[in-house]
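So the sequence lines, in the order shown, correspond to chains A and B.
Its first residue numbered 1, the first sequence is counted upward by one per residue in my numbering.
Its first residue numbered 364, the second sequence is counted upward by one per residue in my numbering.
There are 2 protein chains.
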Amino acid sequence: MKIDGTPYRTIWPTADNSAVEIIDQTKLPHIFTTLRLETMRDAERAIKDMQVRGAPLIGVTAAYGVALSMRDHASDAALAATCSKLLLARPTAVNLRWGIERMRAFLAPLPESERAAAAWLEAARIADEDVAINASIGQHGCELIRSLYHDKVHKGRGYSVNILTHCNAGWLATVDWGTALAPIYAAFEEGIPLHVWVDETRPRNQGASLTAWELGQHGVPHTVIADNTGGHLMQHGMVDMCIVGTDRVTARGDVCNKIGTYLKALAAHDNGVPFYVALPTPTIDWTLQDGVKEIPIEERAPEEVTHISGLCDDGQVRSVQLTPQGSRAANYGFDVTPARLVTGLITERGVVQAEAGAMQKLR
Amino acid sequence: MKIDGTPYRTIWPTADNSAVEIIDQTKLPHIFTTLRLETMRDAERAIKDMQVRGAPLIGVTAAYGVALSMRDHASDAALAATCSKLLLARPTAVNLRWGIERMRAFLAPLPESERAAAAWLEAARIADEDVAINASIGQHGCELIRSLYHDKVHKGRGYSVNILTHCNAGWLATVDWGTALAPIYAAFEEGIPLHVWVDETRPRNQGASLTAWELGQHGVPHTVIADNTGGHLMQHGMVDMCIVGTDRVTARGDVCNKIGTYLKALAAHDNGVPFYVALPTPTIDWTLQDGVKEIPIEERAPEEVTHISGLCDDGQVRSVQLTPQGSRAANYGFDVTPARLVTGLITERGVVQAEAGAMQKLR
Chain A
1 MKIDGTPYRT IWPTADNSAV EIIDQTKLPH IFTTLRLETM RDAERAIKDM QVRGAPLIGV
61 TAAYGVALSM RDHASDAALA ATCSKLLLAR PTAVNLRWGI ERMRAFLAPL PESERAAAAW
121 LEAARIADED VAINASIGQH GCELIRSLYH DKVHKGRGYS VNILTHCNAG WLATVDWGTA
181 LAPIYAAFEE GIPLHVWVDE TRPRNQGASL TAWELGQHGV PHTVIADNTG GHLMQHGMVD
241 MCIVGTDRVT ARGDVCNKIG TYLKALAAHD NGVPFYVALP TPTIDWTLQD GVKEIPIEER
301 APEEVTHISG LCDDGQVRSV QLTPQGSRAA NYGFDVTPAR LVTGLITERG VVQAEAGAMQ
361 KLR
Chain B
364 MKIDGTPYRT IWPTADNSAV EIIDQTKLPH IFTTLRLETM RDAERAIKDM QVRGAPLIGV
424 TAAYGVALSM RDHASDAALA ATCSKLLLAR PTAVNLRWGI ERMRAFLAPL PESERAAAAW
484 LEAARIADED VAINASIGQH GCELIRSLYH DKVHKGRGYS VNILTHCNAG WLATVDWGTA
544 LAPIYAAFEE GIPLHVWVDE TRPRNQGASL TAWELGQHGV PHTVIADNTG GHLMQHGMVD
604 MCIVGTDRVT ARGDVCNKIG TYLKALAAHD NGVPFYVALP TPTIDWTLQD GVKEIPIEER
664 APEEVTHISG LCDDGQVRSV QLTPQGSRAA NYGFDVTPAR LVTGLITERG VVQAEAGAMQ
724 KLR
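If you want it as structure tokens, here you go:
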């Protein structure tokens with residue numbers, strides 16, 4: 001997608017293939033800066049310090065980390081050591097493991113002398129595959145938006161589609177396009193008039209910082225709202241559809257996503273607003289059924305609730321404390337939206353109902 | 364209620380009756396400081412600058428403002444001028460008008476020479492009436508908490524009642540006790556083990572700052588959470604009841620309250636958690652029926668969404684910007700929870716169903 005008119009991905013090899021570059025996402029939305037990753041350690045730090053985040057992007061960065069490492073040492077021992085080290089950068093990131101294991105399986109059978117060059121190509125292939133999957137999610141989701149748009153115009157209910165999203169499932173979380181935002185970018189490119197309500201997404205504010213930034217840079221009309229606002233908007237016909245991403249979907253269609261998603265799904269259901277979840281099919285965990293009972297929810301540091309960062313008058317990004325000294329805070333990272341509240345799953349293989357039978361075709 | 368062990372109200376006359384004192388609520392939760400109001404202008408500024416907030420407290424402060432003014436000039440002209448001036452401090456605050464009109468009606472028939480002394484007593488009477496109403500709300504609500512507690516213990520489901528609240532409807536918003544928090548303080552005083560989940564309540568964070576502070580000072584166990592969290596907690600049996608305040612209730616029981624209340628009511632309904640609204644009966648607007656259609660929702664400054672204040676490392680309270688330059692924000696102050704999602708209204712005259720017929724007895 002575009003930054004100030006220039007097309008970007010979130011990770012790309014330099015012209016001379018000597019390194020990869022990334023956008024330092026810890027500095028957004030206040031400062032746009034890119035970083036050069038020249039060694040496996042650079043890639044490891046970028047993952048650990050969350051300069052890259054979002055499951056697909058973490059996987060691709062790790063793949064490039066393996067590739068950079070192979071240039072220095074390509075022995076079996078070096079490959080094993082590299083993979084072990086990178087895995088520790090964010091131990092709970094499923095895609096990190098996936099990206100590393102794919103590189104290991106691909107490189108292990110090759111002769112040492114071919115590993116460096118082959119690894120570089122394989123990392124690029126993983127990146128391109130992610131872009132293709134997301135572009136396809138975008139096309140399938142765009143059909144829904146187009147049809148809502150025509151329906152709205154036909155019924156004289158307005159000339160622009162209002163879409164609410166939660167957290168950041170945009171191109172910054174992937175290599176390009178994003179998941180939840182891919183249909184929005186596709187519809188925007190097609191010229192369908194639209195506007196996005198961006199939940200700020202406390203406590204880490206990925207909506208107010210990342211989603212608002214990437215939509216703004218690409219030129220997509222949007223408005224940031226407090227997470228408390230969506231219900232009121234839906235009661236008053238100001239939201240035509242919701243699209244969110246997900247970290248994990250169960251075999252019967254329960255959706256684990258950023259904390260607060262469930263509340264928006266309840267409001268959508270109560271007001272007859274379609275609620276869609278966009279995902280690449282590997283996000284489905286076929287071993288799970290009841291998401292509320294079976295998916296463990298990560299508790300994160302209370303400081304993410306008690307403190308927040310932003311840009312001060314003096315141009316410095318500072319953290320400020322919001323709560324009184326001595327008040328405890330709890331920080332649950334995700335919640336589970338039961339399938340009954342989900343209108344459909346937008347995948348790279350089409351839109352399907354969030355229901356065990358319908359989902360079989362994605363298996 | 365107590366601050367660091369010492370009993371306080373939010374407004375009180377000095378020992379020599381020369382002035383009234385208030386807590387400067389703009390400094391909370393980081394700094395506790397009191398202010399002396401010696402003139403009508405001091406009272407006016409305290410209301411305008413939101414050093415006092417919450418409908419009942421604004422009304423009482425205005426009443427004391429009239430009383431202070433009568434000491435300097437007690438003519439009919441002075442009374443009229445004082446009332447007009449104070450009304451402008453926060454033109455949309457219904458209780459401000461109510462407090463001033465009550466003082467005007469009380470003072471107008473009195474001889475000039477008696478007005479100053481009478482006004483002082485009347486202002487104190489208004490304050491005491493507020494305390495009595497809230498104490499009564501506390502007692503009625505406490506019965507609900509007590510019964511939930513006994514039920515929980517009886518069923519072996521735990522030994523502490525978990526109550527979720529949104530925004531600040533605590534003693535800081537009234538003269539003492541509060542509305543939504545009055546039952547909690549009453550139950551706490553009675554020794555019922557309880558714990559309060561405090562919604563931070565973006566964008567103005569009255570939960571994280573005021574509710575957390577007053578509960579902490581009084582010694583009530585509590586945990587601050589992002590507004591996104593309540594649904595997850597309710598899905599997992601971690602909330603036994605919700606109690607919120609309200610700015611306006613319609614004749615059929617629709618509840619207008621701080622934005623985000625509706626989302627919590629939906630989650631409570633979806634998980635069988637009782638959802639109560641605490642209010643003094645004058646909060647009911649008998650002229651309104653359908654709250655969603657009939658109650659206009661105030662749009663506030665977008666800066667409350669794009670910026671937030673907190674305590675910096677250097678001990679200064681600073682405002683930081685959360686959103687990217689150029690991203691618009693919308694800031695709806697309230698939403699309406701339909702009566703069908705409300706378990707009951709806790710009033711000074713008892714607990715009644717949020718339903719036109721049942722509410723007749725409050726008329």
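We put the CB at the ideal spot given by N, CA and C, even for glycine.
All of these numbers come straight from a predicted model, not from anything done at the bench.
Could you check what DSSP says for residue i in three-state terms: helix, strand or coil?
i      : result
B/K656 : helix
A/S18  : coil
B/C605 : strand
B/P556 : coil
B/F395 : coil
B/L400 : strand
B/I622 : coil
B/N525 : strand
A/A67  : helix
A/V60  : helix
A/L374 : Nothing about residue 374 of chain A can be reported from this structure: the residues present for chain A run from 1 to 363 only.
A/E200 : coil
A/P338 : coil
A/D285 : strand
Going along chain A in order, which residues have a C-beta closer than 7 Å to the C-beta of residue i?
i      : result
B/A571 : L322 and T323
B/Y695 : T229 and H232
Could you spell out where the alpha helix (DSSP H) holding residue i opens and where it closes?
i      : result
B/V668 : E666 to T669
A/V94  : V94 to L107
A/D254 : Where A/D254 is concerned, there is no enclosing alpha helix (DSSP H), given that its DSSP letter is neither H nor E.
A/D128 : E112 to H154
Residue range of the beta strand (DSSP E) that residue i falls in?
i      : result
B/V715 : G713 to V715
A/R364 : Nothing in the structure corresponds to residue 364 of chain A, since chain A is present only between 1 and 363.
B/T445 : Note, B/T445: premise wrong, no beta strand (DSSP E); alpha helix (DSSP H) at D439 to L450.
B/P376 : I374 to P376
B/H585 : H585 to I588
A/R248 : R248 to T250
B/G707 : G707 to T710
B/A721 : From DSSP, B/A721 is part of no beta strand (DSSP E) but of the alpha helix (DSSP H) over A719 to M722.
B/A641 : F638 to A641
Between which residues of its own chain and residue i is the CB-CB distance below 6 Å, once the five residues before and five after are set aside?
i      : result
A/I297 : Y332 and F334
A/W149 : Here the sequence assigns Tyr to residue 149 of chain A, which means Trp is not the residue at that position. Within the same chain, A/Y149 has close Cβ partners V161 and I192.
A/D176 : R9 and V131
A/V198 : G207, T211, A212, H222 and V224
B/R453 : I410 and L459
Which chain B residues sit within Cβ distance under 8 Å of residue i?
i      : result
A/Q360 : Within chain B, no residue comes near A/Q360; the closest Cβ sits about 27 Å away, beyond 8 Å.
A/G231 : G623, Y625, L626, L629 and D698
A/D270 : L629
A/I308 : I671, G673, V683 and L685
A/Q235 : Y625, V655, D698 and V699
Which bits of chain B does residue i rub up against, with CB to CB less than 9 Å?
i      : result
A/S381 : What the structure shows of chain A is the stretch from 1 to 363, and residue 381 of chain A is not part of that stretch, so it cannot be assessed.
A/A169 : Simply none; closest approach about 15 Å.
Can you list, in chain order, the residues of its chain with a C-beta nearer than 7 Å to that of residue i? Leave out the 5 residues immediately preceding and following it.
i      : result
B/I658 : R611, C619, L651 and V699
B/H393 : L674 and V680
B/Q716 : G707
List the residues of chain B whose Cβ lies closer than 7 Å to the Cβ of residue i, in chain order.
i      : result
A/P203 : A589
A/G260 : N591
A/C312 : R681 and V683
A/I297 : H595
Which residues in chain A have a C-beta closer than 8 Å to the C-beta of residue i? List them in chain order.
i      : result
B/R663 : Ordered by position in chain A, no residue passes the 8 Å Cβ test against B/R663, which lies about 11 Å from the chain.
B/I500 : Per Cβ cutoff of 8 Å: no residues; B/I500 is ~24 Å from chain A at best.
B/V612 : Per Cβ cutoff of 8 Å: no residues; B/V612 is ~17 Å from chain A at best.
B/V602 : Correct list: empty, because the minimum Cβ distance to chain A is about 12 Å.
B/V705 : By Cβ distance, chain A contributes nothing, its closest Cβ being about 14 Å from B/V705, past 8 Å.
Given that residue i touches chain A, what residues does it touch there, using C-beta distances under 9 Å?
i      : result
B/C619 : What B/C619 touches in chain A: nothing, since even the nearest Cβ is about 10 Å away.
Which residues in the same chain as residue i place their Cβ atom closer than 8 Å to its Cβ, once the five residues preceding and following it in sequence are excluded?
i      : result
B/Q569 : C530, N531 and K621
A/L37  : A19, V20, E21, I22, A43, A46, T61, Y64, G65 and L68
Do the stretch 570-581 of chain B and the stretch 403-415 of chain B meet, that is, are 3 or more Cβ pairs less than 8 Å apart?
no
Would you call the stretch 139-146 of chain A and the stretch 176-185 of chain A in contact, with 3 or more CB pairs under 8 Å?
yes
Is there contact between the stretch 313-329 of chain A and the stretch 223-231 of chain A, where contact requires at least three CB pairs shorter than 8 Å?
no
Are the stretch 232-248 of chain A and the stretch 268-276 of chain A in contact at 8 Å, needing three or more beta carbon pairs?
yes
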